[in-house]
Amino acid sequence: MAASEAILEVRDIHTFIGQFHILEGVNVNLPRGSIGVLLGRNGAGKTTTLRTIMGITPPRSGEIRFEGQRLNGMRSFGVARLGIGYVPEHRAIFKGLTVRENLHIAERRSGDFARKADLIFDLFPDLKRLVHLPGGNLSGGQQQMLAIARALVPDNRLLLIDEPSEGLAPVIIEQLMHAIRRLSEQTTVLLVEQNFRMASQLADRYTIIDEGRSAVAGDMRDLVKDQALIQRYLGVA
Amino acid sequence: MRPNILVSVALLVAVVVFGYFLSPDLGSFGITLMSGLFQGMLLFLVASGLSIIFGLMDVLNFAQGAYFMVGAYVSYSVHHSPDVMAAIPDPNIRFFLSVISAVAVGAVLGGLLERFLLRPLYARPIFQIVLTFGVAIVMTEAVEFIWSTTPYSWTVLFSLRDQSFQLFGQSFGVYRLVVIGIGFALIILIGLLLQRTRIGIIIRAGVEDREMVEALGINVRMVFTLVFTIGCAVASFGGAIAAPFLGASAGLANLFLLSAIAVVVLGGMGSYAGTAMGSLLLGLALAVMQVFAGKPQIGLPVLASMTPMMLMILVLLVRPGGLFGKGR
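From first to last, the protein sequence lines stand for chains A and B. For the first sequence, the tail end lands on 237 under this note's numbering, and the numbers increase by one without skipping. For the second sequence, the tail end lands on 1328 under this note's numbering, and the numbers increase by one without skipping.
The structure is reproduced here in structure tokens:
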């Protein structure tokens, strides 16, 4: 695959949090229109990789390019404005704001929400009848849907979604997978996912991160067949 | 009724009833109430900025009281300056102009403080506290340098400040009522700003999770500058409208600061409704305690100055997160 087709290129990034060297060389290459997933054990550095791409924990060295443009040194609001949506773990919606306000605040140009409302409520019909409720009153699954919906309000061309299935019931996970698959028709998605079944069904590409380094990357179909590799890095059968 | 409203109302009623039994007649009860509301509103003008700035930016701005003081000095000077008097003989229009000038000076000084002194220190919260504390001292010294250490009392009256009306055999100043009215209007106005406008939504979201607001593509630092500027301008406004009563003196910087910090804590850190309710409650409690402490049988004036901290401790014992805070 030629590098020019990649929407996101992460090359050998090193990230420190305080004095801790969290990422010690992570590479990610994501073709436009695909769903990529970062796999790895707890604490391997998957979340930090997303946060580093977003500019929240900037890299000390290495390079991040989105559509060819260097993101190094940009603050996260600037990164977001280029067209990257971020859905952090633990569904970081604003609990004191209503569902509508949670969606409105994500507008980058006025009218974004009005333009996208049909798409959003089509993907997540539950949200439509909850628009006036505070985000904190929603169930875990509804909060996750709101967090993803919020990232859909502006015209993002890349979505970074951190552990969407965490703590959710299987029925809700099914709904979310369906929604992510549908929205990937319009944008590229990079997931972090512990739930290997979900990851393997959704993603086209994978990158395994182990102890702060990207260890293996490739086509998801190959990984599913390689039990030894899964066992070695993920410890799931 | 929700527990926060229940506790607030219970405390309010307790303070007012206590005030009623302290008063020999309805007239003096009215005076106490009015003095309480007046103090509460001035308190609110300092505490609202303190609370929103703290909630959004995690900065405890010890200079908030100094902005109140600067507002009083600017308003006093413009109103009493011979040049301005010559240009604008009408004291009412001149007072209006004095208040505008005070707000403008407060806003500019506030914006400068945030942009050039606080901004480099966002990674170091302790430094910020020391910085705002130091800025408060510098501002007080600067004021004493410019205006000397002698306090000024407001001498040139204007019609609003001059008028009074009779009720229950007591004379009430119209100006206090006007200040109370302005205070209530601002409580509602700032509340609407926070509830209904995009910037208000961003501020409320930022109080919850700044990092996420920024990751949505919003330049949070610009919001910080704006909020800090408005907060300081509102404190200056408070000083400006208080000056016809309290005059202008360096002591104003600390007069309301400690009480305002008590309000922010007892109202619930970062809660706007809590700050409004807390200001009202503490204002009334102060007025009632001033009467109580001044009784010949009691004769303990120190009780009045202990009131902010006592009320804060009382509230925290019942609701550890403050009246409207998240229960922690």
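Note that CB positions come from ideal geometry on N, CA and C, so glycine has one too. Note that the structure is a prediction, hence the values are computed from the model and not measured.
| Query | Result |
| --- | --- |
| Rounded to whole angstroms, how far is the Cβ of B/G1065 from the Cβ of B/G1283, which I believe are closer than 8 Å? | At roughly 16 Å, the Cβ-Cβ gap does not stay under 8 Å, so B/G1065 and B/G1283 are not in contact. |
| Measure the alpha-carbon distance for A/A80 versus A/M54 and round it to whole angstroms. | 7 Å |
| Tell me which residues share the same chain as B/N1254 and place their Cβ nearer than 7 Å to its Cβ, disregarding the 5 neighbours each side in the sequence. | G1065 |
| Listing by chain order, which chain B residues have their CB less than 9 Å from the CB of A/H14? | In chain order: nothing, as chain B lies at least about 20 Å away. |
| Apart from the five residues on each side of it in sequence, which residues of its chain come closer than 8 Å, Cβ to Cβ, to A/G218? | R205 and Y206 |
| Any chance you could list the alpha helix (DSSP H) runs of at least 4 consecutive residues sitting entirely within the region 1208–1263 of chain B, in chain order? | 1210–1215, 1220–1246 and 1252–1255 |
| Throw me the rounded Cβ distance for the B/A1285 and B/V1007 pair, which I believe falls under 8 Å. | At roughly 14 Å, the Cβ-Cβ gap does not stay under 8 Å, so B/A1285 and B/V1007 are not in contact. |
| Can you check whether the C-beta of B/I1201 is within less than 7 Å of a C-beta belonging to chain A? | yes |
| Verify the CB distance criterion: does B/M1306 have a CB-CB separation below 7 Å to chain A? | no |
| Should the region 1132–1144 of chain B be regarded as contacting the region 1250–1266 of chain B, the criterion being three or more beta carbon pairs within less than 8 Å? | yes |
| Is it buried or exposed, B/Y1020, if we count other Cβ atoms within 10 angstroms and call 16 or more buried? | exposed |
| With a Cβ-Cβ cutoff of 7 Å, do B/G1231 and B/I1031 count as a contact? | no |
| Report buried or exposed for B/K1295, applying the criterion of at least 16 other Cβ atoms within 10 angstroms of its Cβ. | exposed |
| Answer yes or no: do B/Y1152 and B/Y1076 have a C-beta to C-beta separation smaller than 7 Å? | yes |
| Note down the Cα distance separating B/M1312 from B/I1261, rounded to an integer number of angstroms. | 10 Å |
| Provide the residue(s) that pair with A/R109 in DSSP beta bridges, ordered along the chain. | In DSSP, A/R109 forms no bridge with anything. |
| State the DSSP-derived secondary structure class of B/D1090, mapped to helix, strand or coil. | coil |
| Among all the DSSP beta bridges, which residues are the ones paired with B/Y1152? | B/A1248 |
| Under 8 Å between beta-carbons, which chain B residues line up against A/F77? List them in chain order, please. | E1214, A1215, L1216, G1217, I1218, N1219 and V1220 |
| On the three-pair Cβ rule with 8 Å, is the region 1177–1190 of chain B touching the region 1095–1104 of chain B? | no |
| Taking only three categories from DSSP, how would you classify B/R1319? | coil |
| Using 10 angstroms around the beta-carbon of B/A1087, count the other beta-carbons present and answer buried if the total reaches 16, otherwise exposed. | exposed |
| Would you kindly check if the distance between the Cβ of A/T57 and the Cβ of A/I13 is under 7 Å? | no |
| So what's A/A117 in DSSP terms, helix, strand or just coil? | helix |
| Taking the alpha carbon of B/G1071 as the point to measure from, which residue in B/L1026, B/G1321, B/L1226 and B/T1140 has its own alpha carbon closest? | B/T1140 |
| Give a yes or no on whether the minimum CB-CB distance between A/L8 and chain B is below 7 Å. | no |
| Three-state secondary structure (DSSP) at A/F16? | strand |
| Please report the residue range of the alpha helix (DSSP H) in which B/D1162 lies. | S1159 to D1162 |
| In the region 177–201 of chain A, which residues sit with their C-beta less than 8 Å from some C-beta in chain B, listed in chain order? | none |
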